[in-house]
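Protein sequences appear in the order of chains A and B. Sequential numbering of the first sequence, starting at 4, is according to the numbering used here. Sequential numbering of the second sequence, starting at 2, is according to the numbering used here.
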Amino acid sequence: MKFAVVVFPGSNCDHDAHYAASQVLGQEAELVWHKDTSLRGADAVILPGGFAHGDYLRTGAIARFSPIMQEVKRFAAAGGPVLGICNGFQVLLEAGLLPGAMLRNRSLHFRCEFVHVRVEQVDTPFTLAASPSQLLKIPIAHGEGNYFAPPDVVERLERNRQVVFRYVTPAGEPTDEANPNGSVNNIAGICNEARNVVGLMPHPERACELAVGSADGLVLLQSAVRRFGTAGATVSVR
Amino acid sequence: MRARVFVTLKPSVFDPQGTTVGEALHTLGYTSVTDVRQGKYFELEIDAASVDDATRIAAEAADKLLANPVIESYRIEVDQAAALAGAKR
Chain A
4 MKFAVVVFPG
14 SNCDHDAHYA
24 ASQVLGQEAE
34 LVWHKDTSLR
44 GADAVILPGG
54 FAHGDYLRTG
64 AIARFSPIMQ
74 EVKRFAAAGG
84 PVLGICNGFQ
94 VLLEAGLLPG
104 AMLRNRSLHF
114 RCEFVHVRVE
124 QVDTPFTLAA
134 SPSQLLKIPI
144 AHGEGNYFAP
154 PDVVERLERN
164 RQVVFRYVTP
174 AGEPTDEANP
184 NGSVNNIAGI
194 CNEARNVVGL
204 MPHPERACEL
214 AVGSADGLVL
224 LQSAVRRFGT
234 AGATVSVR
Chain B
2 MRARVFVTLK
12 PSVFDPQGTT
22 VGEALHTLGY
32 TSVTDVRQGK
42 YFELEIDAAS
52 VDDATRIAAE
62 AADKLLANPV
72 IESYRIEVDQ
82 AAALAGAKR
């Protein structure tokens, strides 16, 4: 299968995502500049982490005006799988592809550390290879990851099973101590109603090889690979 | 014509920066300051025929870009003096 990784000015996890897809998973992957207007026939799109457009105004607020985003919106509306990681999640929120908004972390600190998240839903294109309630040890690196939505929206997200990832303790409990940023209901990631657009603050692409401390993040991209049934998807984790 | 747009987090949204600034002020002895909300301030120079027009354009700009309606609200002031000077010109 083929991944497109969008590169905004200020993206800094684009190559990590490209590496995970192409080198670790052996899939086709292409970096697509934000001023491009074509996703080059990709099967899945990744909006990577970083600081698109310098986080000017608000995180993700300017990126939605990038020409490629019109194409990403069309792709998503047609059911194409879109994964927003960290800043990519913030871009999806500002672009209206996912509900809610990000606030400064409760602690005001930029948090850069491994956290544990629980996979809450396994019927999205980026979690279908995971087992229900699977725990993932993956890193976060953000200053504005405090997910907020009005109470009625949060209630709807929970009712529709749109909360895909939740911050939990190493034992799998969604406690306040396990919440690194103050996100409502320990929400680490969500999907849209159609379930093809997924956003999360933690960085699965930075946890795809044991050499960097964890390979737990690989399951997200593996899910997309399984969905598109490409041969050559067997992985030996290094 | 100059429009000033003040964007702040909605009262229902926790403002960790404002709270921290408030605590810092208390440390400085300003215990009479009971609450701080931090926000953003924009000055828009608008080529508009009337104060109403300028206000409408600034409100659209705030709705579509300057504020995120999920978490923020805004207030607009259009500079009357500058508006009158503009009208005389």
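Yeah, the Cβ is synthetic: ideal placement off N, Cα and C, and Gly gets one too. It should be emphasised that the depicted structure is a prediction, and the values quoted were computed from it without experimental measurement.
Problem - Spatial distance of residue 69 of chain A from residue 48 of chain A (CA atoms) - result: Within the first sequence, the letter at position 66 stands for residue 69 of chain A. Within the first sequence, the letter at position 45 stands for residue 48 of chain A. Taking the straight line from one Cα to the other gives about 15 Å.
Problem - Beta carbon of residue 21 of chain A nearer than 8 Å to that of residue 89 of chain A - result: Counted from its first residue, the first sequence places residue 21 of chain A at position 18. Counted from its first residue, the first sequence places residue 89 of chain A at position 86. In this structure, residue 89 of chain A does not lie closer than 8 Å to residue 21 of chain A by Cβ.
Handout entry: Reference residue 31 of chain B; option with closest CA among B:39, B:38 and B:22
Key = Taking the first residue of the second sequence as 1, we reach residue 31 of chain B at position 30. Nearest C-alpha to residue 31 of chain B: B:22.
Handout entry: Any chain A beta carbon closer than 8 Å to residue 6 of chain B
Key = Position 5 of the second sequence holds residue 6 of chain B. Not an interface residue.
Exercise for the section: Taking C-beta pairs closer than 7 Å, name the residues in chain A that residue 72 of chain B reaches, listed in chain order. Expected result: For the purposes of this step, residue 72 of chain B is taken as the residue at position 71 of the second sequence. Taking the beta carbon of residue 72 of chain B as reference, the chain A residues within 7 Å of it are 104, 106 and 151, listed in sequence order.
Exercise for the section: Please check if any C-beta of chain A sits within less than 8 Å of the C-beta of residue 88 of chain B. Expected result: What you label residue 88 of chain B is simply residue 87 of the second sequence in a count that begins at 1. Summary for residue 88 of chain B: the model assigns pLDDT 49, below 50, so the residue's position carries little reliability; its value from the coordinates is reported in the next sentence. No, no contact with chain A.
Exercise for the section: Check residue 58 of chain B in the structure and name its three-state DSSP category. Expected result: Start at 1 with the first residue of the second sequence, and residue 58 of chain B comes out as number 57. DSSP places residue 58 of chain B in helix when its eight states are reduced to three.
Problem - Neighbouring residues, chain B, relative to residue 101 of chain A (Cβ below 9 Å) - result: Position 98 of the first sequence holds residue 101 of chain A. Going along chain B, no residue has its Cβ under 9 Å from residue 101 of chain A, so there is no contact; the nearest lies around 11 Å.
Exercise for the section: Measure the C-alpha to C-alpha separation of residue 210 of chain A and residue 194 of chain A and round it to an integer number of angstroms. Expected result: Against the first sequence, residue 210 of chain A aligns to sequence position 207. Against the first sequence, residue 194 of chain A aligns to sequence position 191. Going by the C-alpha atoms only, they are around 21 Å apart.
Exercise for the section: Would you decide whether residue 16 of chain B is buried or exposed? Buried here means 16 or more other CB atoms lie within 10 Å of its CB. Expected result: The residue given as residue 16 of chain B occupies position 15 in the second sequence. By the neighbour-count rule (16 or more Cβ atoms within 10 Å), residue 16 of chain B is buried.
Exercise for the section: Please confirm whether residue 187 of chain A and residue 152 of chain A have their CB atoms less than 8 Å apart. Expected result: For the purposes of this step, residue 187 of chain A is identified with residue 184 of the first sequence, where counting begins at 1. For the purposes of this step, residue 152 of chain A is identified with residue 149 of the first sequence, where counting begins at 1. Yes, the pair counts as a contact, with Cβ atoms nearer than the cut-off.
Exercise for the section: Return the chain-ordered ranges of every alpha helix (DSSP H) run that is complete within the stretch 137-224 of chain A and spans a minimum of 4 residues. Expected result: Runs of the alpha helix (DSSP H) inside the stretch 137-224 of chain A: 154-162.
Handout entry: Selected residue, minimal CA-CA separation from residue 34 of chain B, among B:42, B:25 and B:41
Key = In the second sequence, residue 34 of chain B corresponds to position 33, counting from 1. Taking each of B:42, B:25 and B:41 in turn and checking the Cα distance to residue 34 of chain B, the smallest one comes out for B:25.
Handout entry: Contacting positions in the stretch 34-52 of chain B - beta carbon closer than 9 Å to chain A
Key = Listed by position along the chain: 41.
Exercise for the section: Along the alpha helix (DSSP H) that carries residue 49 of chain B, what are the first and last residues, could you check? Expected result: Numbered from its first residue, the second sequence carries residue 49 of chain B at position 48. Neither: residue 49 of chain B is in no alpha helix (DSSP H) and is coded neither H nor E.
Handout entry: residue 44 of chain B burial status per 10 Å Cβ neighbour count (16 or more: buried)
Key = Numbered from its first residue, the second sequence carries residue 44 of chain B at position 43. Exposed: under 16 other Cβ atoms inside 10 Å.
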